[in-house]
Structure formats: C-alpha cells, structure tokens
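Heads up, the thing below is written out as structure tokens.
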Amino acid sequence: MSDMTEQEAWELDEFLTKTTPEISPTVEGPFIKHRNMMVILDHLSAEYLTAKMLATKQSPTEIISNMIRRELSLAEV
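Take 16 as the starting number for the sequence shown in the numbering used here and just add one per residue.
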C-alpha cells in the first residue's frame, strides 16, 4: 500500500471527524458473542488452572482448549 499524500491525509481526517459511524444494536460482533459464553469457575477449578498455567506457561484458554481437544479425541475411540 502506498503512502498517503498530505492532501489525502487531510481529506481523510476531515471525513472521519465530520461523519458519525452508523451502528446497529441488533448486530452482535464476536466480542459480544464471547461475552455470553463466560463461565464462573469454582475454587478448585480456578486453583487447578492457576497451578497449571504457572507450570506450563500457557494461558488458561490454551489449557482449557487442550483439555477439550484431549476429551474429544478420547470420545472418538
């Protein structure tokens, strides 16, 4: 992508400054959908995830994802 000229930059700035973005409250983006999937963990599960996270240097999301994949692979047998 080529660089903008100064004139193009000023025009873009003016356009973005003077226009209001149109949004629709009925459209759900990916972050809204994921918010509805949030689950509260019990104390034992939270402690397990924290210990596993510190031992493996993985995020809780990675640990849970690996656990689910392992569970699904065992279910196929």
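Even for Gly, the Cβ is constructed at its ideal location relative to N, Cα and C.
- If one requires a minimum length of 4 residues, the alpha helix (DSSP H) runs lying completely within the stretch 25-84 are 45-50 and 58-71, in chain order.
- Look at S17 here: in three-state DSSP terms it is coil, with no helix or strand label.
- If you check the CB distance, L64 and I78 come in under 8 Å.
- Residue state for E86 is assigned as helix, using DSSP reduced to three classes.
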